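Engineer: In the numbering used here, the protein residues as written are 1217 to 1308.
A single structure is presented below for examination.
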């Protein structure tokens, strides 16, 4: 994950914001808020997580995958398998 360290602070800031949203959800449930409002906020958290995931995927492709693929077949083959697994896991 060498390439991601320069963006680490931005990722952490976004994840802390998401953590705050989740705490807000817990409070909404505890306060017996309207279910539809809670579901709307859950969708918001879900999209925020997906957004961070997309950025991490882009970074992984740009740095880690590129390095492995250009290093030759010995490192490229496992990276191809990893990328396929990530794409299937995160496209659900």
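Glycine residues also receive a C-beta, built at the ideal position from the N, C-alpha and C atoms.
Here the structure is a predicted model, which means the values were calculated and not measured.
Near residue 1267, what residues of its chain come up, given a Cβ to Cβ distance below 8 Å and the 5 sequence neighbours on each side ignored?
Structural biologist: Excluding residues within five positions, the ones whose Cβ falls inside 8 Å are 1230.
Engineer: Rounding to the nearest angstrom, what Cα-Cα distance links residue 1248 and residue 1242 in this structure?
Structural biologist: Roughly 10 Å separates the two Cα atoms.
Engineer: How would you call residue 1252, buried or exposed, if buried means at least 16 neighbouring beta carbons within 10 angstroms?
Structural biologist: With fewer than 16 Cβ atoms within 10 Å of its Cβ, residue 1252 is classed as exposed.
Engineer: Please determine, among 1295, 1279, 1234, the residue with the shortest C-alpha to C-alpha distance to residue 1223.
Structural biologist: Among 1295, 1279, 1234, the Cα nearest to that of residue 1223 belongs to 1279.
Engineer: Throw me the rounded Cβ distance for the residue 1285 and residue 1273 pair, which I believe falls under 8 Å.
Structural biologist: The Cβ separation is near 15 Å, so there is no contact.
Engineer: Using CA atoms only, rank isn't needed, just tell me which of 1264, 1302, 1292 is closest to residue 1235.
Structural biologist: Among 1264, 1302, 1292, the Cα nearest to that of residue 1235 belongs to 1264.
Engineer: When you compare only the Cα positions, how much space is there between residue 1308 and residue 1259?
Structural biologist: Whole-angstrom Cα-Cα distance: 15 Å.
Engineer: My parser needs the alpha helix (DSSP H) runs of 4 or more residues fully inside the stretch 1256-1290; what are they?
Structural biologist: Those alpha helix (DSSP H) runs which fall completely within the stretch 1256-1290 and span 4+ residues are 1282-1287.
Engineer: Assign residue 1308 to one of three DSSP states: helix, strand, or coil.
Structural biologist: It is coil, neither helix nor strand.
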